[in-house]
Amino acid sequence: MLGKVFRPAIRSPEVGGDGSLIFRVEAPAARQVRVELDALAAPLPLDRAADGIWRGSSPALPPDLYCYRLVIDGVSVLDPANPWIKPSSTGLGESMVLLPGRSDAAALPWQYGDVPRGLVVRHSYRSATIGGDREFYVYTPPGYDRRSGRAYPVLYLLHGLGDAAGAWFSAGRADVMLDALIHDGRCRPMLVVCPSGHCDPGMASDLPPPPAGVALRNIELSGASLLDEVLPVVERSYSVDTNRRGRAVGGLSMGGAQALFVGLNAPHRFAHVGAFSPAIFMFEGDFEACLRQATSPAAMPRLSVSCGCDDFLIDDVRGFVDWLAARGVAHSWQVVDGAHAWPVWRRNFIDFVGTLFNKDHHDDSLRNSGA
Numbered sequence: 067m068l069g070k071v072f073r074p075a076i077r078s079p080e081v082g083g084d085g086s087l088i089f090r091v092e093a094p095a096a097r098q099v100r101v102e103l104d105a106l107a108a109p110l111p112l113d114r115a116a117d118g119i120w121r122g123s124s125p126a127l128p129p130d131l132y133c134y135r136l137v138i139d140g141v142s143v144l145d146p147a148n149p150w151i152k153p154s155s156t157g158l159g160e161s162m163v164l165l166p167g168r169s170d171a172a173a174l175p176w177q178y179g180d181v182p183r184g185l186v187v188r189h190s191y192r193s194a195t196i197g198g199d200r201e202f203y204v205y206t207p208p209g210y211d212r213r214s215g216r217a218y219p220v221l222y223l224l225h226g227l228g229d230a231a232g233a234w235f236s237a238g239r240a241d242v243m244l245d246a247l248i249h250d251g252r253c254r255p256m257l258v259v260c261p262s263g264h265c266d267p268g269m270a271s272d273l274p275p276p277p278a279g280v281a282l283r284n285i286e287l288s289g290a291s292l293l294d295e296v297l298p299v300v301e302r303s304y305s306v307d308t309n310r311r312g313r314a315v316g317g318l319s320m321g322g323a324q325a326l327f328v329g330l331n332a333p334h335r336f337a338h339v340g341a342f343s344p345a346i347f348m349f350e351g352d353f354e355a356c357l358r359q360a361t362s363p364a365a366m367p368r369l370s371v372s373c374g375c376d377d378f379l380i381d382d383v384r385g386f387v388d389w390l391a392a393r394g395v396a397h398s399w400q401v402v403d404g405a406h407a408w409p410v411w412r413r414n415f416i417d418f419v420g421t422l423f424n425k426d427h428h429d430d431s432l433r434n435s436g437a
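The opening position of the sequence shown corresponds to residue 67 in the numbering used here, with each subsequent residue numbered one higher.
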């Protein structure tokens, strides 16, 4: 009797010995099953066996953390055999799988290692700016103690259009990377704060793309909530540096545009701004109006912009970088291998946090702020 109820579990995905990913799903009545994996340009078809289980293997892939969905007869679903899910603002989310490095020496920065670990805490608050209940997440580094009197710098880190507030910790693995980077002395101990970037209902109900004006209104609301609600709560609740020199803001895609808007329009409050594959189209072509303070030479944050060479936003981002250069706005600009995907943004994150809050930048921010 129990044998009829409890059948052997299907294992999916499985890491193959050659670096491939093996997918399995039971769907005996399906006519077609494919896997949409962010590492592959085209969907991976699965084959059905006599037992009703569909199977298929990807090509050998480089070690990384990948996101995917199953598409069964045209309907996108999560992998029922895989409990590891990246939540999404649009509801479905994505399944995730880690293809690890082959040895301890080849371990990826976003693999858990034998290092002291920080803590991620979820906060909720009632927003007068946006309306309703909101959330944000806070990473504190290993050894953080509010009673110590040490004031830590803070990075406000913003997610993309299809993601939720915690995406930088679920798919981005920012906490895991920071644990390793701090342990290796490659970045300063810092707090990371990740709020929700969806502030206008039209951003979630009309994807893609949002109607005219909605994306820009969303950026404005998210900036107001960050500055007027989230930041004050963080600075009351945690032992952090409340000066400009101790604050940075960064983000990917939609969050990259939001970081530009907040950081460049409040240069007296942030010493660093990072934009990874920023969704420049959300400014609706009017950089002058959206980034009013960006052409002011006084106390400008250190600005870093990056994008993947195969990213569908690359031309927009290049146009924005040209606009910065034409107006004499100091910035760094990096084009990296990859598309509009987490493997690019995790590496962008590592590069960015390594530049934050070090002595040279600290001294510059003091000079720029007049402190």
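Just so it is clear, CB atoms sit at the ideal spot from N, CA and C, and this is done for glycine as well.
query: Between the Cα of Y191 and the Cα atoms of P367, R90, P298, G83, which residue gives the shortest distance?
result: P298
message: I need the DSSP call for R302, collapsed to helix, strand or coil.
response: helix
message: According to DSSP, simplified to helix, strand and coil, what is D272?
response: Bear in mind that a pLDDT of 45 at D272, under 50, signals an unreliable position, so the number given afterwards is only what the model happens to contain. D272: coil per DSSP, three-state reduction.
message: Beta-carbon within less than 6 Å of P182's beta-carbon, same chain only, minus the 5 sequence neighbours each way: which residues are those?
response: P208
field: Buried/exposed call for G340, threshold 16 Cβ in 10 Å
entry: buried
message: Let me confirm a value: E354 is counted as buried when at least 16 other C-beta atoms fall within 10 Å, else exposed. Which label applies?
response: exposed
message: For I76, list the residues DSSP reports as bridge partners.
response: Paired residue(s): none; I76 is not in a bridge.
- prompt: What is the DSSP secondary structure of R384, counted as helix, strand or coil?
  reply: helix
query: Near A443, which residues of its chain fall below 6 Å by C-beta distance, leaving aside the five closest residues on each side in sequence?
result: In the structure as shown, the chain starts at 67 and stops at 437, and residue 443 therefore has no counterpart that could be examined.
- prompt: Do you know how far the Cα of G85 is from the Cα of A173?
  reply: 14 Å
- prompt: Where does D272 land, buried or exposed, given buried means 16+ other C-beta within 10 angstroms?
  reply: Its pLDDT being 45, under 50, D272 is placed unreliably by the model, and nothing is read from it.
query: What's the C-alpha gap between G82 and P94?
result: 24 Å
Beta-carbon proximity of L59 to P219, cut-off 9 Å: As shown, the chain starts at 67 and ends at 437. That puts residue 59 outside it, with no answer to give.
- request: Label G215 either buried or exposed according to how many other C-beta atoms from any shown protein chain fall within 10 Å of its C-beta, with 16 as the threshold for buried.
  value: exposed
- request: Go through the region 306-356 residue by residue and report every complete run of the alpha helix (DSSP H) that reaches 4 residues or more, in order.
  value: 320-331, 353-356
C375, buried or exposed, once every other Cβ within 10 Å from all chains shown has been counted against 16: exposed
- request: Grab me the residues of C356's own chain with a C-beta within less than 6 Å of its C-beta, minus the 5 sequence neighbours each way, in chain order.
  value: F349
- request: Look at the alpha carbon of M243 and the alpha carbon of N414, and state the distance between them as a whole number of angstroms.
  value: 12 Å
- request: Give the straight-line distance between the Cα atoms of S78 and S154, rounded to the nearest whole angstrom.
  value: 21 Å
- prompt: If you drop the 5 nearest sequence neighbours on each side, which residues of the same chain put their C-beta closer than 7 Å to that of G152?
  reply: According to the sequence shown, residue 152 is Lys rather than Gly. Taken in chain order, the residues that qualify are C133, G159, E160, M162, A233, S236, A237.
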